[in-house]
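Asker: This is the structure, below, for whatever I ask next.
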Amino acid sequence: MTTVLYCGHCGRETGDGAHEACRRALTLEPPRYCDQCRRRMIVQVHPMGWTARCSTHGELFSS
Amino acid sequence: MTDILEVAREQVLGRGVGLSQEQLVEVLRSPDEQLDDLLALAHEVRVKWCGEEVEVEGIISLKTGGCPEDCHFCSQSGQFTSPVRSVWLNIPELVEAAKETAKTGATEFCIVAAVRGPDERLMAQVKAGIEAINAEVDINIACSLGMLTQAQVDELKAMGVHRYNHNLESARSYFGDVVTTHSFEERWETCLMVRDSGMELCCGGLVGMGESLEQRAELAAQLAELEPHEVPLNFLNPRPGTPFGDMEIMAGKDALRTIAAFRLAMPKTVLRYAGGRELTLGDLGTREGLLGGINAVIVGNYLTTLGRPATADLDLLADLKMPVKELQKTL
Chain A
1361 MTTVLYCGHC GRETGDGAHE ACRRALTLEP PRYCDQCRRR MIVQVHPMGW
1411 TARCSTHGEL FSS
Chain B
41 MTDILEVARE QVLGRGVGLS QEQLVEVLRS PDEQLDDLLA LAHEVRVKWC
91 GEEVEVEGII SLKTGGCPED CHFCSQSGQF TSPVRSVWLN IPELVEAAKE
141 TAKTGATEFC IVAAVRGPDE RLMAQVKAGI EAINAEVDIN IACSLGMLTQ
191 AQVDELKAMG VHRYNHNLES ARSYFGDVVT THSFEERWET CLMVRDSGME
241 LCCGGLVGMG ESLEQRAELA AQLAELEPHE VPLNFLNPRP GTPFGDMEIM
291 AGKDALRTIA AFRLAMPKTV LRYAGGRELT LGDLGTREGL LGGINAVIVG
341 NYLTTLGRPA TADLDLLADL KMPVKELQKT L
């Protein structure tokens, strides 16, 4: 299991603050930052889902 | 003094004549105690002049981010420090999105690009996309590609584009506070060319961007002057990194009053819930808006943000006994 190091919403370290607002925001938007390296990801939003791709850590999909 | 709702009942419900800018200011200033009556009247107007049906649409971003314009609400501008990165959608993904949209019962699928206006590459990609969608999916195709030349209007019409979206964004008097890289008049001109071409004009805007109630009424009146087939109504969703990123989310009651006011300004248009309703209105407010003048929805996600699950909206329409409009190819 990989440890999440960075917030997918704001890109700051997960240990830097509570990120409550970020968690709420992520219910209505896809993550923009890779949670492993904080690179900005290439995100495509589709009518029924989304994909987010980090050039180093691969692609995430909506559940 | 005659109550504005009494005036609206006779003028808008009775005769189908939209309220003037001055009358709309009165509606937007009406007290919370009158809100239920206002929404009920707007709903009556919608049912009488548009019918019971609700039009369902899906939207997709063909070209995301990197836009040269500086619309202060938009996370896709290349001028701000927004985390949105530039990317193009390929044709197979575009067709797949159209299929997903059609499965919901939607009759409209809108292809959107974050650009000032389309260049040859984008026009070619749109043409290829439309041909591929038409080969596999039965759905009306709309486009939103920014400002157009007359030649581009003609080209899009020849491609079979059913409806073209180009929003006014805000009232003429507030436009300079929202966008500085192009003018209200440039947007207006594209809208006129689209309308005159025979394509359906989809033209709306955003509210909750710091405009006054008078300017909100002004936007509704200016939209009414254009007589668009459809008006998408967006509520500001403050995006990180944009100049409007720290603005407050609009109050739900103000949003509902705005919906009703837009319906009373344009009794016969398709009035669509667009972005921001999830934040501004939530589930309960979404229902109230559908009973307060709205007769169209965008299902599923938006261009860079997520919407409610499509099933939530479709279940709500079923619960409200509002039939989904069926496909009629009009072009």
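So the protein sequences, as listed, match chains A and B.
Residue 1361 is where the first sequence starts when you use our numbering, and the numbers rise one by one after that.
Residue 41 is where the second sequence starts when you use our numbering, and the numbers rise one by one after that.
Beta carbons are placed, not taken as given, at the ideal position from N, Cα and C, and that holds for glycine.
#1: Check the C-beta distance from residue 271(B) over to residue 309(B) and give it rounded, since I have them as a contact under 8 Å.
#2: How close, in whole Å, do the beta carbons of residue 68(B) and residue 297(B) come, if the pair is a contact with beta carbons under 8 Å?
#3: Check the DSSP bridge columns for residue 1404(A) and list the partner residues they point to.
#4: Can you list, in chain order, the stretches of the alpha helix (DSSP H) that have 4 or more residues and sit fully within the segment 144–218 of chain B?
#5: In its own chain, which residues sit with a C-beta less than 8 Å from the C-beta of residue 86(B), not counting the 5 before and 5 after it?
#6: Sorted by chain position, which residues of the same chain lie with C-beta nearer than 7 Å to residue 371(B)'s C-beta, five sequence neighbours on each side aside?
#7: Comparing C-alpha positions only, which one of 113(B), 80(B) and 127(B) sits nearest to residue 103(B)?
#8: Quick check for students: name the residue ranges of the beta strand (DSSP E) that lie wholly in the segment 223–256 of chain B, counting only runs of 3 or more.
#9: Among 217(B), 218(B), 176(B) and 163(B), whose alpha-carbon lies nearest the alpha-carbon of residue 14(B)?
#10: Between residue 1377(A) and residue 60(B), what straight-line distance do the alpha-carbon atoms span, to the nearest angstrom?
#11: Tell me the residue span of the alpha helix (DSSP H) that contains residue 293(B).
#12: What number of angstroms, rounded off, separates the C-alpha of residue 20(B) from the C-alpha of residue 152(B)?
#13: Suppose you measure from the CA of residue 99(B) to the CA of residue 314(B); what does that come to, to the nearest Å?
#14: If residue 112(B) and residue 282(B) are in contact, beta carbons under 8 Å, what's the gap, nearest whole angstrom?
#15: For a test of the three-state rule: what should DSSP assign to residue 1398(A), helix, strand or coil?
#16: Could you tell me if residue 198(B) is buried or exposed, where buried requires 16 or more neighbouring beta carbons within 10 angstroms of its beta carbon?
#17: On the DSSP letters alone, give me the boundaries of the beta strand (DSSP E) that residue 1418(A) sits inside.
#18: Can you give me the Cβ contacts of residue 1374(A) inside the same chain, cut-off strictly under 7 Å, excluding the 5 residues immediately before and after it?
#19: Along the chain, where does the alpha helix (DSSP H) containing residue 358(B) start, and where does it finish?
#20: Counting only Cβ pairs nearer than 8 Å, list the residues of chain B close to residue 1379(A).
#21: Could you give the residue range of the alpha helix (DSSP H) that holds residue 59(B)?
#22: Considering just the uninterrupted stretch of the beta strand (DSSP E) at residue 96(B), what are its terminal residues?
#23: Got a sec: which bits of the segment 1376–1403 of chain A sit with their beta carbon under 8 Å from any beta carbon on chain B, in order along the chain?
#24: Are the CB atoms of residue 179(B) and residue 142(B) nearer to each other than 8 Å?
#25: Would residue 288(B) pass as an interface residue toward chain A - the criterion being a Cβ-Cβ separation below 8 Å?
#26: Should residue 357(B) and residue 83(B) be called a contact, given that it needs their Cβ atoms to be closer than 8 Å?
#27: Quick one: give me the first and last residue of the beta strand (DSSP E) that residue 69(B) is part of.
#28: Do residue 277(B) and residue 345(B) come within 8 Å of each other at the CB atom, strictly closer than that value?
Answerer: According to the structure data:
#1: 5 Å
#2: 6 Å
#3: 1411(A)
#4: 160–176 and 190–199
#5: 303, 307, 311, 333, 334 and 335
#6: Legend: pLDDT at residue 371(B) = 40, less than 50; position of this residue unreliable, value from coordinates given subsequently. Same-chain partners within the cutoff: 200 and 202.
#7: 127(B)
#8: 240–242 and 245–247
#9: Chain B is shown from 41 up to 371; residue 14(B) falls before or after that span and cannot be answered.
#10: 50 Å
#11: 292–305
#12: Past the edges of chain B, shown from 41 to 371, lies residue 20(B), and the structure says nothing about it.
#13: 10 Å
#14: 6 Å
#15: coil
#16: exposed
#17: 1418–1421
#18: 1364, 1365, 1366 and 1367
#19: 350–359
#20: Within chain B, no residue comes near residue 1379(A); the closest Cβ sits about 13 Å away, beyond 8 Å.
#21: It is not in any alpha helix (DSSP H) - residue 59(B) carries neither H nor E in the DSSP assignment.
#22: 95–104
#23: 1387, 1388, 1389, 1390, 1392, 1393, 1400, 1401, 1402 and 1403
#24: yes
#25: no
#26: no
#27: No beta strand (DSSP E) holds residue 69(B); DSSP gives it neither H nor E.
#28: yes
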